[in-house]
Ligand code: GLU
């Protein structure tokens, strides 16, 4: 898989924002406010490695906006993490929470590391020391991290434990909602692990219904086979849709007869990537992108669909499971080619929606069952999808710009009601 290009993802966000703000005539002062992040925290911290050496790490947390509620968003561990990327991801979280109708704002963070180079106990110490360095910049009613690229429930458990150690004992049990995406026994929610993939599939179902498409007859490709890509594929299997090509950081495979998502998930868990998977033909990156299918689901990193790669796609629909997989030129080329696109801030909102449910359960000391979580997730995704689709019709614009207009309209309303201090 190609790595993230040098293109500034924050520049992409700003251009997407400007297009929507122009079209909807966003109130100029509110436009100024929303075009900036609120807080940007950069921490450098030392960690002892297994061999006794000390290494320095750089961690980030950018808080874009909290007018709708506490800052919310994941933490990613990846070499591409820098201030530009985290700013963009934090801003997308604000739009995403607003579209989903959640009382939450937007934030994102991460550490610039390649986690594959560290042992499990090193990752634990890096996570704990990062949490300690963030200190009161996060908090259960202030800023609530969650999993993202290369972070998972175990890492959230370490963040929870470290954060609680920093609190007076009497306050610990009412602070478990400082982080979401936790293991179930540590206060996590059922359905959170699959939630982003589940949301992606709900959106595909709604699109299929609108376009009279029978999902049992379609083929699709997935880029990225981490949490989002693998769960989306496993849930698409229930519709009988055929997965014909998959790519991850270790390579790409193609099989026109179909790849079994459950079997591939088991293989990837065992071998750490899909390279060498026997039920598919290895293919290179351009061949993967050119695969003929109905749907392409990018579920990896940013800047994958660009001026260079958008002409290669051979699908009718792109469903963005990843954040920011399409840059401005890529978007324009897809539009020219008549390839429909369902945008990230709508499609991948399932993760943060179930994070919100986890947060609520923790606050109320409740455990909901999977039916309840899935039912409520479906309802929120349906409402978000309908408002984005209807706004696209109303403004005769693309679905990404429509999604921005939905978010910005909600934010504008709150700013107008509350006014600007002092
Ligand atoms: N990292 C996920 C996202 O990009 C989930 C964030 C959350 O649950 O707070 O939406």
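In the numbering used here, the protein residues as written are 143 to 564. Idealized CB from N, CA, C, for every residue including glycine.
Checklist entry - So what's residue 444 in DSSP terms, helix, strand or just coil? => result Reduced to three states, the DSSP call for residue 444 is coil.
Checklist entry - So what does DSSP say about residue 311, is it helix, strand or coil? => result Helix, per DSSP.
Next on the checklist: For residue 151 and residue 489, I'd like the C-alpha separation in whole angstroms.
Outcome noted: Distance between the alpha carbons of residue 151 and residue 489 is about 18 Å.
Checklist entry - Do the stretch 267-285 and the stretch 224-242 touch if we need at least three Cβ pairs shorter than 8 Å? => result No contact exists between the stretch 267-285 and the stretch 224-242.
Checklist entry - Any heavy atom of the ligand GLU within a distance shorter than 7 Å of the CB on residue 565? => result Residue 565 is absent from the structure shown; the chain starts at 143 and stops at 564.
Next on the checklist: With a threshold of 8 Å, are at least 3 pairs of Cβ atoms found where one atom belongs to the stretch 469-486 and the other to the stretch 375-384?
Outcome noted: Proximity of the stretch 469-486 to the stretch 375-384 falls short of the contact definition, fewer than three beta-carbon pairs being nearer than 8 Å.
Checklist entry - If you count every other CB in all the chains shown that lies within 10 Å of the CB of residue 145, and 16 or more means buried, which is it? => result Any reading at residue 145 is ruled out, since the residue's pLDDT is 49, under 50, leaving its predicted position unreliable.
Checklist entry - Of all the beta strand (DSSP E) runs that stay within the bounds of the stretch 479-563, which reach a length of 3 or more residues? => result Runs found: 482-484.
Checklist entry - Residue ranges of each alpha helix (DSSP H) run of no fewer than 4 residues wholly in the stretch 319-374, ordered along the chain? => result Unbroken alpha helix (DSSP H) runs of no fewer than 4 residues, entirely contained in the stretch 319-374, are found at 337-352, following chain order.
Checklist entry - Quick one: does the C-beta of residue 494 sit closer than 7 Å to a heavy atom of the ligand GLU? => result Placement of the Cβ of residue 494 at a distance of less than 7 Å from at least one heavy atom of the ligand GLU is found.
Checklist entry - Is residue 490 near the ligand GLU, in the sense that its beta carbon is under 7 Å from a heavy atom of that ligand? => result For the ligand GLU, at least one heavy atom lies less than 7 Å from the Cβ of residue 490.
Checklist entry - In three-state terms, what does DSSP make of residue 145? => result In this prediction, residue 145 scores a pLDDT of 49, lower than 50, which makes its location untrustworthy; the coordinate-derived value is nonetheless stated afterwards. Coil, per DSSP.
Checklist entry - Which residues in the same chain as residue 522 place their Cβ atom closer than 6 Å to its Cβ, once the five residues preceding and following it in sequence are excluded? => result If we look at residue 522 and ignore the five residues flanking it on each side, its Cβ neighbours are 242 and 495.
Next on the checklist: Less than 7 Å separating the Cβ of residue 238 from some heavy atom of the ligand GLU?
Outcome noted: Correct: residue 238 has its Cβ closer than 7 Å to the ligand GLU.
Item to check | residue 379 in three-state terms, based on DSSP | outcome: Helix, per DSSP.
Checklist entry - DSSP puts residue 459 in a beta bridge; with which residues? => result According to DSSP, which records beta bridges pairwise, residue 459 is partnered with 437 and 482.
Item to check | Nearest-angstrom beta carbon gap, residue 192 and residue 252 [assumed within contact, 8 Å] | outcome: The C-beta separation of residue 252 from residue 192 comes to about 22 Å, leaving the pair out of contact by the 8 Å criterion.
Checklist entry - I think residue 366 touches residue 440, with their Cβ atoms under 8 Å apart; what is that distance to the nearest whole Å? => result For residue 366 against residue 440, the beta-carbon gap comes to about 7 Å, under 8 Å, which counts as contact.
Checklist entry - Which two residues bound the contiguous alpha helix (DSSP H) that contains residue 262? => result Looking at the DSSP string, the run of the alpha helix (DSSP H) that includes residue 262 is 262-276.
Item to check | Presumed contact (8 Å Cβ cut-off) between residue 436 and residue 360, rounded CB distance | outcome: Confirmed, Cβ separation roughly 4 Å.
Next on the checklist: the ligand GLU and residue 214: does any heavy atom of the ligand fall closer than 7 Å to the residue's C-beta?
Outcome noted: Yes.
Item to check | Alpha-carbon spacing of residue 539 relative to residue 479, whole angstroms | outcome: About 16 Å.
Next on the checklist: If the criterion is Cβ atoms closer than 8 Å, does the pair residue 475 and residue 442 meet it?
Outcome noted: Contact: no.
Checklist entry - Do you know whose CA, among 276, 249, 462 and 180, lies nearest residue 374's CA? => result For residue 374, the nearest C-alpha among the options comes from 462.
Next on the checklist: Can you find the residues in the same chain that come closer than 7 Å, C-beta to C-beta, to residue 149, ignoring five residues on each side of it along the sequence?
Outcome noted: Contacts found: 445 and 469.
Item to check | Spatial distance of residue 234 from residue 491 (CA atoms) | outcome: Roughly 10 Å between the two C-alpha positions.
Checklist entry - How would you label residue 319, buried or exposed, when you count the other beta carbons within 10 angstroms and need 16 or more for buried? => result For residue 319, the number of other beta carbons within 10 angstroms of its own is at least 16, and it is reported as buried.
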